[in-house]
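Following: one structure in structure tokens, then a few remarks.
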Amino acid sequence: MNLQQLADALYDDLNGYIHRVEDTGTDALLIHLGCDDWVLNEQQQSIRSDTLDAQRHFVIRCRQVMESNVRPTQTGELIFTDHHPLLWDYTEPHGGLYYAGETTASAHEILGRIYDAHTRILRSWRPLQHYANSYRREGNLIFGTDHAGLLARGPKPLLDAYQTALDGVLRTYFVPSHTPQGKARALIFDDCFLICREAEIMDADASSQTHND
65 MNLQQLADAL YDDLNGYIHR VEDTGTDALL IHLGCDDWVL NEQQQSIRSD
115 TLDAQRHFVI RCRQVMESNV RPTQTGELIF TDHHPLLWDY TEPHGGLYYA
165 GETTASAHEI LGRIYDAHTR ILRSWRPLQH YANSYRREGN LIFGTDHAGL
215 LARGPKPLLD AYQTALDGVL RTYFVPSHTP QGKARALIFD DCFLICREAE
265 IMDADASSQT HND
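Residue numbers (our numbering): 65 to 277.
Next up, the structure:
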């Protein structure tokens, strides 16, 4: 079995659970994941096995991990991909989103518009403050209301979405800075994720049986 096959099979009714996340001390991180056993129906869709208490156990080995917030938790979803907004930090051109001129909107409205655009793309995986340049002066929020300044830094596709959210409210422009080099892949669970160069899956049950034999 490969990672994509597990990703295709896993869904809520299989009661997936990340039991443990293990740092090997080298360049690999191990994710120990278990779920109920499954079979494929006539449409080649996974359905929970009728065998009572039948479980499957896997170890996902991730190499050259660049970012991770994976932790023990329930999960009914697994996505393994090289095309996802979470990867933009590592694959897309970067720069700053600047503004100039007056606005009729308040700092809170500007921040709210960008927050809505941000959560539509990145949900709760990464917080807005990872990119936004908001600050306070004498207790007042300053964000897009200081005649000119920096709104946010980050990957261009994300800043493009921020820019669209501010159309008609604030004049903004993108200034490029750099483009990351190299490849990255995302391993995404329900509410946590990992970014790495490579990942592979091992069937812990088969490995255990081999060692016992």
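Ideal Cβ placement from N, Cα and C applies to all residues, glycine included.
Backbone CA spacing between residue i and residue j [nearest angstrom]
i	j	result
Ala300	Arg127	Since the first residue of the chain shown is 65 and the last is 277, residue 300 is not available in this structure.
Asp210	Gly203	14 angstroms
Phe287	Gln69	In the structure displayed, the chain extends from 65 to 277; residue 287 sits before or after that span and is not available.
Asp231	Met65	48 angstroms
His275	Ala268	Confidence in His275 is poor, its pLDDT being 34 and thus under 50, which makes the residue's placement unreliable; the coordinate value appears in the next sentence. Looking at the two C-alpha atoms, the distance is approximately 10 angstroms.
Phe257	Arg120	21 angstroms
His96	Ile124	7 angstroms
Lys220	Ile265	33 angstroms
Arg217	Asp101	44 angstroms
Leu205	Val85	39 angstroms
His83	Arg135	8 angstroms
Ser272	Ala118	Unreliable placement is indicated for Ser272, whose pLDDT of 45 sits below 50; the coordinate value is still reported in the next sentence. So the two alpha carbons sit approximately 16 angstroms from each other.
Leu234	Tyr179	15 angstroms
Leu93	His182	29 angstroms
Arg177	Asn197	14 angstroms
Val129	His148	16 angstroms
His242	Arg201	30 angstroms
Lys247	Glu131	13 angstroms
Residues that DSSP places opposite residue i in a beta bridge
i	result
Leu205	Arg200
Val123	His96 and Met266
Cys260	Arg249
Thr145	Ala250
Arg217	Gly160
Leu104	Ser110
Tyr81	Gly98 and Gln138
Bounding residues of the alpha helix (DSSP H) (the contiguous stretch that carries residue i)
i	result
Arg177	Ala171 to Leu186
Pro221	Lys220 to Ala229
Gln69	Leu67 to Ala73
Candidates the options: closest to residue i by CA position
i	options	result
Gln107	Tyr195, Ala164 and Asp72	Asp72
Cys99	Ala250, Asp146 and Phe122	Phe122
Leu186	Gly208, Leu150 and Leu161	Leu150
Ile174	Pro221, Thr236, His158 and Ser132	Thr236
Val112	Arg261, Asp76, Trp189 and Lys220	Reading the sequence as shown, one finds Arg at residue 112 and not Val. If we check each option's Cα against that of Arg112, Asp76 comes out closest.
Leu224	Gly159, Thr168 and Phe253	First, the residue type needs correcting, since residue 224 is Asp and not Leu in the sequence shown. When only C-alpha atoms are compared, the closest one is Gly159.
Asn79	Phe253, Leu234, Thr243 and Arg201	Phe253
Gln245	Met130, Glu156, Val103 and Glu131	Glu156
Beta strand (DSSP E) segment containing residue i, residue limits
i	result
Cys136	A small fix is needed here, since residue 136 is Pro in this sequence, not Cys. Where Pro136 is concerned, there is no enclosing beta strand (DSSP E), given that its DSSP letter is neither H nor E.
Thr236	Thr236 to His242
Tyr162	His158 to Ala164
Presumed contact (8 angstroms Cβ cut-off) between residue i and residue j, rounded CB distance
i	j	result
Leu74	Glu141	7 angstroms
Gln138	Tyr81	5 angstroms
Tyr163	Gly89	Not quite, the Cβ-Cβ distance comes to about 46 angstroms (not below 8 angstroms), so this is no contact.
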